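Data first, discussion second: the structure below is written as structure tokens.
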């Protein structure tokens, strides 16, 4: 991944091979050569004052999220209910579309939306499912692209397939797009790298604009994907006329406040995370639990711990812990629970946290600021900035 990002900017030794090989390749078939420039600043590919790229990218999330929203969330201060979401490519009529519909209009009228992705992108796709069902009332399914491609999925021309990928080059996701196009479904790409294979092979899409992600574990790309799919979900709700202008204003205000809230929070959070990491430095297993829209964040937290620390971790829907995994909670195993007061299942979450404590778990609870319900239960309580329910995954993902 590091090599892929640096290739366009760092000089590399010339590739040397016999001239007759080049002549044979060029003469054997017609070739279309596409040249594209990827512009990056020196600042983007250096660690600067940070010890590693992952920490730099965690601290760079406020800027990355502002870049994802820039030019897309539009609001005039002097005019009430003037908020709008501009998604460019999704609002332009498709070439060859008989009815002159835009991808956004096709999505709003879709029989079903299927999200295909791999790794971290599956987790952001699960957040998208929750948001699109909640905001727009659309039927959404999330599939691992690696599983989707190896069976015979039932896809119809009225379906929309959304492919999510940071690099835009994920082989399994590209194959899922090919299958979707075979079935005449509309394909949408949500990618970070401009001009990538997924961007070229889908009918339309949205770029994240979060900048190059050099660290192995996805950080700002995940939160950037979540912001992108949240904006798509809100725009679909407007298109389907199920979200009032006043409600859209409220959601836009809350979303635009997220980067600044994270920026203010990062310094105290960094100090707390160092303390928690030192406390759990000898752990060999961990559990992450969440409910509803926070369940995919729990999966993401477990994935990050595995990728970065090589510690075995599982992400679970909190209510599923009692169906087997509860037996693993003993001997002060770290259990990370995401329990915001805005969660419809908050009272149940509190009961589960108390049960985990009774089973000798070493608890870390992520909750909203001002909530002291876990002060006497958890080993550590991480207070996240408050926001609307659908935007709280953006805060919960940062400490994980």
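Residue numbers (the working numbering): 458 to 857. The beta carbon of each residue, even a glycine, is placed where N, CA and C say it ideally should be. Values in this document were obtained by computation on a predicted structure and should not be read as measured data.
- The distance from the Cβ of residue 694 to that of residue 687 is about 11 Å, inconsistent with a contact at the 8 Å cut-off.
- Taken in chain order, the whole alpha helix (DSSP H) runs of length 4 or more contained in the stretch 790 to 841 are 803 to 815.
- The DSSP-derived three-state label of residue 676 is coil.
- Counting only unbroken stretches of 4 or more residues, the alpha helix (DSSP H) elements lying wholly within the stretch 701 to 757 are 702 to 713, 715 to 736, in sequence order.
- Among the bridge pairs identified by DSSP, residue 620 is matched with 573, 646.
- Each residue's CA atom was taken as its position, placing residue 588 and residue 847 some 7 Å apart.
- Between the alpha carbons of residue 646 and residue 734 lies a gap of roughly 36 Å.
- Just so you know, the alpha carbons of residue 698 and residue 750 end up roughly 23 Å apart.
- Residue 598 has 571 as its beta-bridge partners, per DSSP.
- DSSP, reduced to helix, strand and coil, places residue 541 within a strand of the structure shown.
- Using a Cβ distance threshold of 8 Å, residue 685 and residue 748 do not count as a contacting pair.
- Taking the C-beta atoms as reference points, residue 546 is found no nearer than 8 Å to residue 667.
- Residue state for residue 665 is assigned as coil, using DSSP reduced to three classes.
- The beta carbon of residue 755 sits closer than 7 Å to those of 745, 746, 747, 772, 773, 795, all from its chain and outside the five residues before and after it, given in chain order.
- Assigned with DSSP and collapsed to three states, residue 681 falls in helix.
- In the structure shown, the three-state DSSP call for residue 776 is helix.
- Excluding its 5 nearest sequence neighbours in each direction, residue 659 has C-beta neighbours in its own chain below 7 Å: 620, 634, 644, 645, 646, listed in chain order.
- DSSP places residue 846 within a helical segment (H, G or I) once states are collapsed to three.
- In the DSSP assignment, residue 769 is bridged to 742.
- Straight through space, the alpha carbons of residue 570 and residue 828 are spaced by roughly 36 Å.
- With fewer than three CB-CB distances shorter than 8 Å, the stretch 582 to 598 does not count as touching the stretch 711 to 731.
- For residue 546, there is no enclosing alpha helix (DSSP H), as DSSP marks it with neither H nor E.
- Shown here, residue 857 sits in coil according to DSSP, grouped into three states, outside any helix or strand.
- The closest CA to that of residue 799, considering only 783, 813, 821, 825, is found on 825.
- In this structure, residue 677 lies near residue 521, with their beta-carbon atoms less than 8 Å apart.
- Assigned with DSSP and collapsed to three states, residue 530 falls in strand.
- Per DSSP, the continuous alpha helix (DSSP H) segment holding residue 562 begins and ends at 560 to 565.
- The residue from 513, 812, 717 with its alpha-carbon nearest to that of residue 841 is 717.
- By the C-beta density criterion, residue 531 is exposed, having fewer than 16 other C-beta atoms within 10 angstroms.
- In this structure, DSSP gives residue 518 a helical state, which the three-state scheme calls helix.
- Measuring C-alpha to C-alpha distances from residue 614 to each of 708, 654, 554, 672 identifies 554 as the nearest.
- Cβ-Cβ separation between residue 602 and residue 565: approximately 24 Å, too far for a contact (criterion under 8 Å).
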